[in-house]
Amino acid sequence: MLRRSLAAAFLLPALLAFGVAPAGAQAPYPNRPITVVVPFAAGGPTDTVTRLVAEAMGRDLNTSVVVENVGGAGGTLGAARVAQARPDGYTLLLHHIGMGTTPSLYRRLSYDAVGGFAPVGLVTEVPMTIIARKDIPAGNLAELVALVRQQREKLNYANAGIGAASHLCGLLFQKAADAPMTTVPYRGTGPAMTDLIGGTVDVMCDQTTNTTEQIRAGAVKVFAVTTPQRLPSLPDVPTTAEAGLPGMEVTIWHALYAPKGTPEAIVNRLSAALQAALRDQRLAARFADLGTAPVAQERATPAAAQAFWQADIAKWRPVIEAAGQYAD
Ligand code: MLT
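For the sequence shown, the residue numbers in mature numbering (1 follows the signal peptide of the UniProt record, and there is no 0) are -23 to -1, 1 to 305.
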């Protein structure tokens, strides 16, 4: 009897240390830090949203939620890292609209871009802004369009790779201007913003979560917000329709994912923590200051995120196939 309980006393911690728990003795979740992968560089819009969400989720989960930036290849490197991670709830992905475009844009991927993930919940939908280096010789959107038509590829355009939000918005803008610019790809629009401020790139279309503070500081020139209404956070900035490009409206949705195969109870616990984070007044205030808002609670669920994500894949597939332009 004594021998059995001594063995149990030594064996159980050893098993738990290796992440193995005997049947009926599963360790409570979470019992160690959780990593959320951002598939873009630090300092950009996905990173900003993720750090706010991670901190607030950590309070609810009573553990650290650590952000890891795995940028490159339009977000596919970071997504691959999570799709191929152990489905134990300790490696998550916070990604944006790229989850809707990647399955059609990239025909050769090292991971399953549709079936490789278990959605946890939607997070936010972020407006975009058309911006440029502050000394660009254009005072409004019509003048910027005229400049792009005149200079064409002499002007360059920063984006975060094929399928990134800045790539999609840039395509819409060049289509509206009916003139191409030279693309300069980055691992994320955080570093692209540094170059725009420094004047080594000319134009960018990026989310308000990256651009609001630089616009307010006068570090970049802003031409329009891509929403039907003006934003309370940037009240003096015209909408694309007001500035002469009606129909160029785009917002960027974000969601949280676990790897496919993560136990349902863990996905549901994460969804509850996400909902708690999105109810957090500090998070909501910071989101508002950056021109965005948390989604409604019922959208921060696995079912709502799955439905929205699949509908977005279905929406983009014919558009990308008709354009015949792929990343690989
Ligand atoms: C994008 O263009 O997709 C984003 O700005 C990526 C990022 O978070 O850097």
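Virtual Cβ for every residue (Gly too), placed ideally from N, Cα, C.
Item to check | Span of the beta strand (DSSP E) around Gln184 | outcome: By 1-based counting over the sequence shown, the position of residue 184 is 207. Note, Gln184: beta strand (DSSP E), 180 to 184.
Item to check | Beta-carbon contacts of Arg84 that lie in its chain and below 7 Å, excluding the five residues immediately before and after | outcome: Reading the sequence shown from its first residue, position 107 is the one you call residue 84. For Arg84, where only same-chain residues beyond five positions count, the Cβ hits under 7 Å are Tyr303, Asp305.
Next on the checklist: DSSP three-state label for Met76, please.
Outcome noted: Translated into the one-based positions of the sequence shown, residue 76 becomes position 99. Of the three classes helix, strand and coil, the one that applies to Met76 here is helix, per DSSP.
Item to check | CA nearest to the CA of Arg9, picked from Ala154, Ala300, Tyr134, Thr68 | outcome: On the sequence shown, position 32 is the one that residue 9 refers to. With distances taken between Cα atoms, Arg9 lies closest to Thr68.
Next on the checklist: Here's the rule: buried if 16 or more other CB atoms are within 10 angstroms of the residue's CB, otherwise exposed. What is Ala288?
Outcome noted: Taking the first residue of the sequence shown as position 1, residue 288 is located at position 311. Ala288 is exposed by the Cβ-count criterion.
Item to check | Segment limits, alpha helix (DSSP H) that includes Thr228 | outcome: What you label residue 228 is simply residue 251 of the sequence shown in a count that begins at 1. Looking at the DSSP string, Thr228 is not in any alpha helix (DSSP H); the run it does join, the beta strand (DSSP E), is 228 to 236.
Next on the checklist: Does the beta-carbon of residue 317, which I'm using as the reference point, lie nearer than 7 Å to any heavy atom of ligand 1?
Outcome noted: Since the first residue of the chain shown is -23 and the last is 305, residue 317 is not available in this structure.
Checklist entry - Mind checking Ser81: buried by the 16 CB within 10 Å criterion, or exposed? => result Counted from its first residue, the sequence shown places residue 81 at position 104. Around the beta carbon of Ser81, 16 or more other beta carbons sit within 10 angstroms, so the residue counts as buried.
Checklist entry - Exposed or buried, which one is Ser248 when buried takes at least 16 other CB atoms within 10 Å? => result By one-based count along the sequence shown, residue 248 stands at place 271. Note on Ser248: 16 or more other CB atoms within 10 angstroms of its CB, so buried under the neighbour-count rule.
Checklist entry - Can you list, in chain order, the stretches of the beta strand (DSSP E) that have 3 or more residues and sit fully within the region 54 to 125? => result Segments of the beta strand (DSSP E) lying fully in the region 54 to 125: 68 to 73, 94 to 110.
Checklist entry - Can you list the alpha helix (DSSP H) stretches of 4 or more residues lying completely in the region 226 to 291, in chain order? => result DSSP runs (the alpha helix (DSSP H)) wholly in the region 226 to 291: 241 to 256, 258 to 266.
Next on the checklist: Looking at ligand 1, does it come within less than 7 Å of Thr160, judged from the CB to the closest heavy atom?
Outcome noted: Translated into positions along the sequence shown, residue 160 becomes position 183. No, since every heavy atom of ligand 1 falls outside the 7 Å radius drawn around the Cβ of Thr160.
Checklist entry - How would you label Gly116, buried or exposed, when you count the other beta carbons within 10 angstroms and need 16 or more for buried? => result The sequence position of residue 116 within the sequence shown is 139, counting from 1. Around the Cβ of Gly116, a 10 Å sphere holds fewer than 16 other Cβ atoms; the residue is exposed.
Checklist entry - Relative to ligand 1, what is the chain-ordered list of residues with a Cβ closer than 5 Å to any of its non-hydrogen atoms? => result That query returns the following residues: Phe17, Gly21, Pro22, Thr23, Ala137, Ala141, Ala142, Ser143, Gly165, Thr166.
Checklist entry - Glu45 lies in the beta strand (DSSP E); which residues open and close that run? => result On the sequence shown, residue 45 is found 68 positions in, with the first residue counted as 1. DSSP places Glu45 inside the beta strand (DSSP E), whose first and last residues are 42 to 46.
Checklist entry - Sorted by chain position, which residues of the same chain lie with C-beta nearer than 8 Å to Ala281's C-beta, five sequence neighbours on each side aside? => result On the sequence shown, position 304 is the one that residue 281 refers to. Taken in chain order, the residues that qualify are Gly98, Leu99, Glu275.
Checklist entry - Whose C-alpha, out of Gly167, Gly165, Ala119, is nearest the C-alpha of Gln151? => result Residue 151 sits at position 174 when you count from the first residue of the sequence shown. Closest option to Gln151, Cα to Cα, is Ala119.
Checklist entry - Which residues in the same chain have their Cβ closer than 6 Å to the Cβ of Arg58, if we skip the five residues on either side of it in sequence? => result For this step, residue 58 is matched to residue 81 along the sequence shown. Result list for Arg58: Val14, Val47, in chain order.
Next on the checklist: Can you tell me where the alpha helix (DSSP H) holding Ala304 begins and where it ends?
Outcome noted: Taking the first residue of the sequence shown as position 1, residue 304 is located at position 327. Run containing Ala304: none; DSSP gives neither H nor E here.
Checklist entry - Just checking my contact of Cys146 with Val227 at CB under 8 Å: how many whole Å lie between their CB atoms? => result Counting from 1 along the sequence shown, the entry for residue 146 is found at position 169. Counting from 1 along the sequence shown, the entry for residue 227 is found at position 250. About 6 Å separates the two Cβ atoms, so the contact holds.
Next on the checklist: Once DSSP output is grouped into helix, strand and coil, what is the label at Phe17?
Outcome noted: Mapped onto the sequence shown, residue 17 falls at position 40. Coil at Phe17, not helix or strand.
Checklist entry - Looking at C-beta atoms only, is the number of pairs between the region 17 to 35 and the region 180 to 188 that lie closer than 8 Å three or more? => result Contact between the region 17 to 35 and the region 180 to 188 is present, with at least three C-beta pairs closer than 8 Å.
Item to check | Proximity winner among Asp172, Val91, Ile139, relative to Asn133 (alpha-carbon distances) | outcome: Taking the sequence shown and counting its residues from 1, the one referred to as residue 133 is at position 156. Ranking the options by Cα distance to Asn133, first place goes to Asp172.
Checklist entry - Which residue comes first and which comes last in the beta strand (DSSP E) that contains Thr166? => result Counting from one through the sequence shown, the residue named residue 166 turns up at place 189. Per DSSP, Thr166 belongs to no beta strand (DSSP E); it is in the alpha helix (DSSP H), 166 to 175.
Checklist entry - Since Pro7 and Gly238 are thought to touch, with beta carbons under 8 Å apart, how far apart are those beta carbons, to the nearest angstrom? => result By 1-based counting over the sequence shown, the position of residue 7 is 30. By 1-based counting over the sequence shown, the position of residue 238 is 261. Contact between Pro7 and Gly238 is absent: CB atoms are separated by about 17 Å, not below the 8 Å threshold.
Next on the checklist: Taking 8 Å as the threshold (C-beta atoms), are His72 and Pro114 in contact?
Outcome noted: In the sequence shown, the residue the question calls residue 114 occupies position 137. In the sequence shown, the residue the question calls residue 72 occupies position 95. Going by C-beta atoms, Pro114 is not nearer than 8 Å to His72.
Checklist entry - Out of Met76, Glu130, Ser143, Gly92, which has the shortest C-alpha to C-alpha gap to Pro104? => result Counted from its first residue, the sequence shown places residue 104 at position 127. Closest in alpha carbon position to Pro104, among Met76, Glu130, Ser143, Gly92, is Ser143.
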